[in-house]
Each structure stands twice: as structure tokens, then as C-alpha cells.
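Structure, as C-alpha cells:
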Amino acid sequence: MLQGQKKAANPLMVVVAYIIIYVVWGSTFFFIEKALHSFPPFILGSFRFVTASVILMAYCAMKGYKLFNKRSVQEAAIVGFLLLFVDMAGVIWAEQYVSGGVAAIIAAAAAIWFILLDKPKWKENFSSVSTVLGVALGFCGVVMLFAEQIMSTNDNTDGTLKVIALSILVLGSIAWTVGSLISKYFKKSEKQEEEDLHVMVKTAWQMVTAGILFNITALFTGEYTTFSLSSVAPVDWFNLGYLITFGSILAFSSYIWLLQVRPAMEVSTYAYVNPIIALILSHFFTSHVVTSLQIFGLAVILFSVLLMNWKAYRAKLSARSKSRKVLQPESKLDTNPIAESELVH
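When we follow UniProt numbering, the leftmost residue of the sequence shown carries the number 1, and every step to the right adds one.
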């Protein structure tokens, strides 16, 4: 076994897991928009994450995972606040005024904030022409979406709400980035690493944090005073159930599993597919009109993400090529050559 080699996995399971994170995560923007027909935004977030956290924590308990460590729970609470509360609250609230497709496109532009806010990698990132060009193009794509939303309405009030919604989506995307970077650079001693909780348990605590905060916000905004369970349409119970089981549990579990058996750079390609899925669902199954400017803005943003990752892609390809050269003499003696997925990536 080579150092850094990924575990062997059933190819069919890998394909199924990719379909799940590509299609399911892309479709959550659509199902949020649909569920908002019956649920106020913060109650929707509360129901989603409280239920998902209970299910996930119960699963972790059944697996025998350790469920509590003060430092790990504190870290999970901070990350959960930024990723699952601030960002998701922004997405859910904003989808009252913009389509799920537009929200997904803004989410795809998160790569911009990773480049701009990851200070330890500034020298590396900004020394790359493709990365700088990608950031500039990404900003252009976001500006196109703002312009498209403004031009698509003649009502000043409606136009203002759309701009506010887009701004909140951008701020939520920045919060997601900050939370991800905190998680990335959160330093632990060797002893703390040994005592750390399983990633699924930490995710459950993140969902607990988000669920509690959504619930508190719903109470303070008065959503519970006007909300009645009897007023929820049956189809919207299904939409909520989809977000809980497929969006929060199944898709995330597939994502975690793929990271164990496939290269992280490959798994991250879901970011290219999700907004396309969201835009297709928005076009065919909602009253929102998908304009040519939205499609062009999406193409610009996805191309910008490709440029921002181009240096990393080339490095991975170079490493894989070197690995093949190292393994070539050995493979000549073996009738079963090492598969590409088993090489160092």
C-alpha cells in the first residue's frame, strides 16, 4: 500500500455516491424553495436540523462512537454556527425572493472567498495568474447575477428585495468559507487528536447548534405565532422530509465516504454540477424564468472556479504521472496493473 493511497471501493457504490452528492445536493435548493410555501424560513431550518441531528446522533450512538468531548463540541458549535446556521439561514431566507437556481449559482462562487480569506495561502494563490484571473471572472459572474435580478423586475420594491436577498446569499457564502477555514486551521495537540470525536458525531453537534439557533430566531421573529402545523400542505411535509433524510443525512454521508475512497479534488467536482441541477429544476418545475444572462453568469462562475483550481489540478495530474512512472517497472511483472484509483493522487 502506498502512503496516501485511498481505500479500494466497489465501483458501483462510488458511482451511486457521486450521483447522490451531484443530484441531491443540487436539488436541495429546489426543495427549500418548495417547502417555503408552507413553512416560514427559520421554522423550516429548525425542523430540518433538529430532526437531522437527532437521527444522526442516534446513528452515532448505535455505532458506539464517543458522543461528547468539550473541546470538540465547542469547535463543532462554532463551525455549525457559521456553516449550517448563518449560511443556510441566508439561503432559506433569500429563496423567498430569488430562485433556487440563482441561490445555487451564488453558492458556487464560494471559491472566490476561499482564495481571498485563506491568508496563509495568499502568496501561493496570488502568484498564480490563473487563480487571480479566476477570482476576477468570479466577481464578474456575481455582478451579472445582480444585474440580471435588477433588470428582471419593474417593481422597485421587488427589485430591492432581490438585491438584498443576493447580498445575504453572498454574506452567507463568506460565513461558510470562514467556518471552513476555522475548521481547517483549528490546531490540536496529539492528545487532543486522540480524544477527538468522529466526524459524524461532530457533524451531528453542528446540526444541533444550527437547529437550536434556528429555533431561537423563529421565536424572536414571531414565526411561531402565525404558524400552524395543520396549515402545512402534505407535499411540503414531503419536501421537508427530503431535506432532512436526503439533503442533510444521505448526501453528507455519501460525501464523507467518498472523501475516504476518492481524491478530495475529484469529490469537490460536485460544486460544478450542483448549480446546473438547481437551475434545471428551477426552469422546469417552478414559475421562475431562467434567463440567458443567468446561464451565462453560471458559465462564467464555473469557468472561474476551474481557473482558481487549475494550479491544484495540474499538481495532482503531475503527481499521478510521477506515480505511474515509479510503478511502471513493478506493473510489468504483474498481470493485473494497478488501477488509476489506487495511485497516489
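Note that beta-carbon positions come from the ideal geometry of N, C-alpha and C, so glycine has one too.
Helix, strand or coil for L116, going by three-state DSSP, please let me know. For the purposes of this step, residue 116 is taken as residue 116 along the sequence shown, with counting starting at 1. In the structure shown, L116 sits in a helix (DSSP, three-state: H, G or I).
Of all the options F39, V14, N69 and V79, which has the alpha carbon lying nearest to the alpha carbon of T203? Locating residue 203 in the sequence shown gives position 203, counting from the first residue. Residue V79 is the option with its Cα nearest to T203.
Could you tell me the boundaries of the alpha helix (DSSP H) in which A89 lies? Counting from 1 along the sequence shown, the entry for residue 89 is found at position 89. M88 to A94 is the extent of the alpha helix (DSSP H) around A89.
Separation of M57 from L12, as counted between CA atoms: Locating residue 12 in the sequence shown gives position 12, where the first residue counts as 1. Locating residue 57 in the sequence shown gives position 57, where the first residue counts as 1. Computed Cα separation, rounded: 28 Å.
Cβ neighbour criterion (16 or more within 10 Å) applied to M151: Residue mapping note: residue 151 aligns to position 151 of the sequence shown, counting from 1. It counts as exposed.
Have a look at S268, G159 and T209 and flag the residue whose alpha-carbon is nearest the alpha-carbon of residue 364. No answer is possible for residue 364: the residues shown for the chain start at 1 and end at 345.
Would you grab the beta carbon distance between residue 355 and N215 for me? Rounded to a whole angstrom, and I think it's under 8 Å. The chain is shown only over 1 to 345; residue 355 falls outside these bounds and no answer can be derived.
Just tell me which of N309, V235 and V261 has its CA closest to the CA of T269. Here residue 269 is taken as the residue at index 269 of the sequence shown, counted from 1. Of the listed residues, the one whose Cα sits closest to T269 is N309.
With DSSP run on the structure shown, which of helix, strand or coil describes T269? Numbered from 1 along the sequence shown, position 269 holds the residue referred to as residue 269. In the three-state reduction of the DSSP assignment, T269 falls in the coil class, being assigned neither a helical nor a strand state.
Cβ-based burial, T225 [other Cβ within 10 Å; buried from 16]: Taking the first residue of the sequence shown as position 1, residue 225 is located at position 225. By the Cβ neighbour-count rule, T225 is exposed, with fewer than 16 other Cβ atoms within 10 Å of its own.
Counted within 10 angstroms of its Cβ, other Cβ atoms place D87 as buried (16 or more) or exposed: In the sequence shown, the residue the question calls residue 87 occupies position 87. Buried, by the Cβ-count rule.
The alpha helix (DSSP H) with I256 in it runs from where to where? Taking the sequence shown and counting its residues from 1, the one referred to as residue 256 is at position 256. Where I256 is concerned, the enclosing alpha helix (DSSP H) starts and stops at A251 to V261.
Who are the Cβ neighbours of T221 in its own chain at under 7 Å, not counting the five residues just before and after it? As a working note, residue 221 is residue 221 in the sequence shown. Answer for T221: F42, listed in chain order.
Assigned exposure category for I19 - 16 Cβ within 10 Å defines buried: On the sequence shown, residue 19 is found 19 positions in, with the first residue counted as 1. Answer is exposed; the Cβ neighbour count stays below 16.
Starting from G45, trace the alpha helix (DSSP H) both ways and give me its first and last residue. Here residue 45 corresponds to residue number 45 of the sequence shown, with the count starting at 1. Note, G45: alpha helix (DSSP H), P41 to K63.
The alpha helix (DSSP H) that contains S130, what's its start and end? Stepping through the sequence shown from its first residue, residue 130 is reached at position 130. In the DSSP assignment, S130 falls within the unbroken alpha helix (DSSP H) covering V129 to M151.
Across the stretch 59 to 69 and the stretch 234 to 242, are there enough close Cβ pairs to call them in contact, namely three or more that are closer than 8 Å? No, because fewer than three Cβ pairs between the stretch 59 to 69 and the stretch 234 to 242 fall closer than 8 Å, the two stretches do not touch.
I need the boundaries of the alpha helix (DSSP H) containing Y97, first residue and last residue. On the sequence shown, position 97 is the one that residue 97 refers to. Neither: Y97 is in no alpha helix (DSSP H) and is coded neither H nor E.
Give me, in chain order, the residues of the same chain whose beta-carbon lies closer than 6 Å to that of Y272; leave out the 5 immediate sequence neighbours on both sides. Along the sequence shown, read from residue 1 onward, the residue named residue 272 stands at position 272. Counting only residues of its own chain and dropping the five nearest sequence neighbours on each side, Y272 has a CB closer than 6 Å to the CB of L302.
Tell me whether N125 sits in a helix, a strand or coil according to DSSP, three-state version. Start at 1 with the first residue of the sequence shown, and residue 125 comes out as number 125. Helix.
So, do the stretch 156 to 165 and the stretch 24 to 37 have three or more beta carbon pairs nearer to each other than 8 Å? In short, these stretches do not touch, since the Cβ pair count stays below three.
Would you tell me roughly how many angstroms separate the C-alpha atoms of P337 and V261, rounded to the nearest one? Mapped onto the sequence shown, residue 337 falls at position 337. Mapped onto the sequence shown, residue 261 falls at position 261. Because P337 sits at a pLDDT of 32, beneath the cut-off of 50, its placement in the model cannot be relied upon, and the point is left open.
Can you look up D236 in the DSSP assignment and give me helix, strand or coil? Taking the first residue of the sequence shown as 1, we reach residue 236 at position 236. D236 falls in the helix class under three-state DSSP.
Run of the alpha helix (DSSP H) containing T28, from where it starts to where it stops: The residue you call residue 28 lines up with position 28 of the sequence shown. It spans W25 to A35 - the alpha helix (DSSP H) in which T28 sits, taken as one unbroken run.
Using the Cα positions of A312 and S230, report the straight-line distance between them to the nearest angstrom. Locating residue 312 in the sequence shown gives position 312, counting from the first residue. Locating residue 230 in the sequence shown gives position 230, counting from the first residue. Within the model, the alpha-carbon separation for A312 versus S230 is close to 52 Å.
Roughly how far, in whole angstroms, is the beta-carbon of T286 from the beta-carbon of S99, given that I think they are within contact range, below 8 Å? As a working note, residue 286 is residue 286 in the sequence shown. As a working note, residue 99 is residue 99 in the sequence shown. T286 to S99, Cβ: 6 Å. Contact.
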